[in-house]
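Written out below as structure tokens is the structure these notes cover.
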DNA sequence: TCCTAAGCGAGACGGTACGTCCAGTCTTCGT
DNA sequence: ACGAAGACTGGACGTACCGTCTCGCTTAGGA
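This is the structure in structure tokens:
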């Protein structure tokens, strides 16, 4: 996520300090928890990390890219459920979603990042590859397993199915204020199965 | 949307100037178009409107509520299509959505407002009643017409169906970057019909 | 002027590069001419010289000492006039002064160094021995020649006479903005002769 | 010294706070005394005065003009001695000079301002009218009284005489490090009398 | 016709954060 | 142990807005 992915031949001069890097990301996370995402300032992060502001700007151009990298540290990989049925797998995944949306810090954080994505292609890219891609990969795996098992239609559009299942929560969470909970998760799974389930006579239902 | 809707009980003192009100809203809209939503500042709006800053703060507490009112001026009511079929009506509505998302100013604007909603309940309320409610009402009308015609299931959960159809575009637009266009609209309508259409043997198809 | 004047006693390790030394001093002079004395930074000098900042600090503690050494390179020795009369000699010397003050870079340069002298005894010492001493020596020579010739009083206080002649230009140049030119030089010489000339009946005029 | 000399018709908007003005100047003076002239920063002045930085920059573009105005507050008018003789008057004035140079804060302060004069015509102007002019006016008065009394030459060049008397101290103080004291003052007065005194046969001596 | 109250534009107020710059030091590599 | 390169902490810079606060002036209704 940093601009130097190394592997390239050593650059001259003093190398960037990993300690500083860690201190900054930790400070960022701590501050987000304490004062909330958009009260966090580069100034405060630097101070908390015991680091000059220039050191921040040398590595991240905006607060958001920094935050995204920081979140990468505490974000676990998304566990892909394997319950034996598409219904179970999808439900498992939706429960993960419910859990993520449930964190009280999430709202300001997510919406702040969404706003930042609209301003900066770099941030958009970081968010899409850093977060969304993980989620979509998990969904893809579940869906493909479902088609392989014959529970879901063979001609299934994975992207569409992913959005149909994921979009409603995202929309409720950020806009309409509708429920993002276990019952809703169940309902959405049933919708998905009706829309993308294999026609009768095959294994589902 | 302003706090004083009173024509009742005349208050003492000089009344608020409608000219100033108009000038401010016009300035806000113009600035959003010119420099983008989040580069707009109260300072600039006041200057552009030829108005003191206090005049702004007397009427709106935050930039967002001002903007929401300003948008109310240029936002048309959502036309509820009546094509004779649920498929046609839904598709008509989705085309409206495609059109709204298509405005190049929309991205920063919408995401900025979404972020503001997370910070301020007042803004959230304004957005939900000012924008989202219009959309949901249109959806409700279309969906109820569908059930009345027997095309859609009688036990349909209108809120759920609305979110299943609307959520994916919202999600693609603000997060994943997926397509928000006519073909996608068609695909989503088909998904909705499969998920919420009346069981075979009834009037749909 | 540098702390290592040693050609004596070979030290271990890589010897200091004379090329670097030259490059630095040249860069310093060039930058002073281009952007003016106090816009010059150690950073810029190092960059221009193609040298690490540490290399500068290894040799000079402050910008000023570096500059003083750099100036030593381009500063000619002060030519002591020998016209045969105290009046002529003094006038010759004052013309040198007029010439030095005439260089457009001199003002910021001199005043900057004067300010630095007040901060740092080291700089003060460098300036006094590097510049002022040369001037005073020239004055002394001229004055002593004058007393030897009987043109000037025998009991003359050389320091006082030097300051009476030199001070007014310095004062005008840095503070009052009065003229520093040939006529003023002439006037000052006449003052000096009246004040320090031998009493009537002796050799002066 | 501020850009608004009033008398002009009232400007619109909230007037500038005199309290803030005073607080700033006091803070500046206090800081100069405490940490020395060139360690004083706009930041520190603002903090000490309990004032926003913008309030400083709204009134003074550079630290130096602020300082000059601040000094104006504590600088007494120069008392013009009237002892009955040119010798006494000049000596009185020189004693004032010795006193001013004697203040331990003066060196960094004066040299800093001299450097600032070279950078900025505004500062140069402020210094010349604010400080130097007072001194020169006092000198002029003394000198003219001397000529009126017949002690000094009628054709006396006041500017030249002023610089001959004042320059040496200025030069010693900022450059050569020579003595600036009572004996030197006496010596300079004698020089002035020899150079500018009326020829023998008139009242002096 | 005045009085009171709230509006108005203008702009200064105390603050906070911005992103940049430089000082002076430190750490890496290669010579 | 030198060299360059470029990282480091620290702190001031000058700017931009924030939301609040005076100013003097205007515009109404009620006394």
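Residue numbers (our numbering), protein chains in the order written: chain A, -9 to 195; chain B, -9 to 195; chain C, -9 to 195; chain D, -9 to 195. Beta carbons: idealized from backbone N, C-alpha and C, even for Gly.
Residues that residue i bridges to, as DSSP identifies them
i, result
"residue 128/C", "Residue 128/C is not bridged to any residue."
"residue 142/A", "187/A"
Proximity below 8 Å, CB of residue i to CB of residue j
i, j, result
"residue 78/D", "residue 71/D", "yes"
"residue 182/B", "residue 151/B", "yes"
"residue 167/B", "residue 118/A", "yes"
"residue 19/A", "residue 64/A", "yes"
"residue 179/B", "residue 84/B", "yes"
"residue 102/B", "residue 27/B", "yes"
"residue 264/B", "residue 136/B", "For chain B, the structure presents residues -9 to 195; residue 264/B sits outside this window and is missing."
"residue 80/A", "residue 154/A", "no"
"residue 87/C", "residue 140/C", "no"
"residue 31/A", "residue 116/A", "no"
"residue 142/A", "residue 76/A", "yes"
"residue 157/A", "residue 5/B", "no"
"residue 184/C", "residue 184/D", "yes"
"residue 122/C", "residue 165/D", "yes"
"residue 176/D", "residue 95/D", "no"
Nearest-angstrom beta carbon gap, residue j and residue i [assumed within contact, 8 Å]
i, j, result
"residue 160/D", "residue 161/C", "4 Å"
"residue 41/B", "residue 10/B", "5 Å"
"residue 16/A", "residue 52/A", "Their Cβ separation, rounded to whole angstroms, is 19 Å, which puts residue 16/A and residue 52/A out of contact at 8 Å."
"residue 34/C", "residue 21/C", "6 Å"
"residue 148/C", "residue 124/C", "Between residue 124/C and residue 148/C the Cβ distance is about 15 Å, and since that is not below 8 Å, they are no contact."
"residue 13/A", "residue 98/B", "Not quite, the Cβ-Cβ distance comes to about 33 Å (not below 8 Å), so this is no contact."
Span of the alpha helix (DSSP H), counted from its first residue to its last, around residue i
i, result
"residue 166/B", "Premise fails: residue 166/B is in no alpha helix (DSSP H) and is neither H nor E."
"residue 79/A", "76 to 92"
"residue 67/A", "Segment: none, residue 67/A is in no alpha helix (DSSP H) and carries neither H nor E."
"residue 7/B", "From DSSP, residue 7/B is part of no alpha helix (DSSP H); its letter is neither H nor E."
"residue 51/A", "Premise fails: residue 51/A is in no alpha helix (DSSP H) and is neither H nor E."
"residue 30/A", "It is not in any alpha helix (DSSP H) - residue 30/A carries neither H nor E in the DSSP assignment."
"residue 105/D", "96 to 109"
"residue 152/B", "148 to 161"
Contact test: residue i Cβ vs the ligand NAD heavy atom, cutoff 7 Å
i, result
"residue 158/A", "Looking for the ligand NAD in the displayed structure turns up nothing, as the structure carries no ligands at all."
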